[in-house]
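Colleague:
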Amino acid sequence: MKITKIFYSIQGEGSFSGVASIFVRLFGCNLACHFCDDTYHVGTFYELNSKELIQKIKHYNSKTIVITGGEPSIYDLNQEIRDLKSVGFYVCVETNGYNFENIKEANWITYSPKDLQDIKTKGFDEIKFILSNDTDTEPILSFDSDKPIFIQPQNYLNRPNMKNLNFCIDFVKKNPRFKLSVQTHKFLGIE
Ligand code: SF4
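Per my numbering, the very first residue in the sequence shown carries number 1; after that it's consecutive.
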């Protein structure tokens, strides 16, 4: 695995919000979103196989691991995910939906589509739409799923964007079948 960073924190988003988790951030992405912080997935990385990764993270108290990026599904991670599960880890993966097949062994898949004209309908356990105050919400309003659907404001790197947050609050109040996800770690000032 091409790793840019491993850190232990509290999941701030989606269904697992509040859960102490080990975050493994992978190198590389198939997209170049304007709001992305390049340093998360561009630049230096180091490589670990799953045995080495397990050695490195086994001292953490939590058994929940979040594989994020960049875009994890540009790699076939199924063997690594199986290895992690075999020693008791609960493996969550965050994806933009590039290739669900490459991460299908995960216990939990969070899908955050970046192209609202091409929203996938299968292969995930929850879906998270990132909104700014000028997002055209029409494709989101016409989307439905039996999985949890989260609306999350596009934030600054280390702090909430209140304009986008208020837009999302209004959107969820008007459309209560959606749930608000606010990146609580950015309110708490933790990683
Ligand atoms: S999909 Fe995610 S990691 Fe990739 S460029 Fe967009 S925001 Fe950044």
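For each residue, glycine too, the CB sits at the ideal point set by N, CA and C.
Could you tell me if the beta carbon of residue 26 falls within a distance shorter than 7 Å of some heavy atom in ligand 1?
Modeller: No, ligand 1 has no heavy atom inside 7 Å of this Cβ.
Colleague: At 4 residues or longer, what runs of the alpha helix (DSSP H) sit wholly inside the stretch 40-87?
Modeller: Within the stretch 40-87, the complete alpha helix (DSSP H) runs of at least 4 residues are 50-57 and 78-86.
Colleague: Could you name the residues whose beta carbon sits closer than 6 Å to any heavy atom belonging to ligand 1, keeping them in chain order?
Modeller: Listed along the chain, these residues meet the criterion: 29, 31, 32, 33, 36, 41, 69, 70, 71, 96 and 114.
Colleague: Cβ atoms of residue 87 and residue 103: under 8 Å apart, would you say?
Modeller: No, they are not a contact pair.
Colleague: On a Cα-Cα basis, can you pick out the residue from 139, 16, 151 and 26 that is closest to residue 47?
Modeller: The option with the nearest alpha carbon to residue 47 is 26.
Colleague: Who are the near neighbours of residue 5 in its chain, counting only those whose CB is closer than 7 Å to its CB and skipping five residues on each side?
Modeller: Cβ neighbours of residue 5 beyond the five flanking positions: 25.
Colleague: Helix, strand or coil, according to DSSP, for residue 139 in the structure here?
Modeller: Residue 139 falls in the helix class under three-state DSSP.
Colleague: In the DSSP output, which residue or residues are listed as bridge partners for residue 25?
Modeller: Residue 25 is bridged to 5 and 68.
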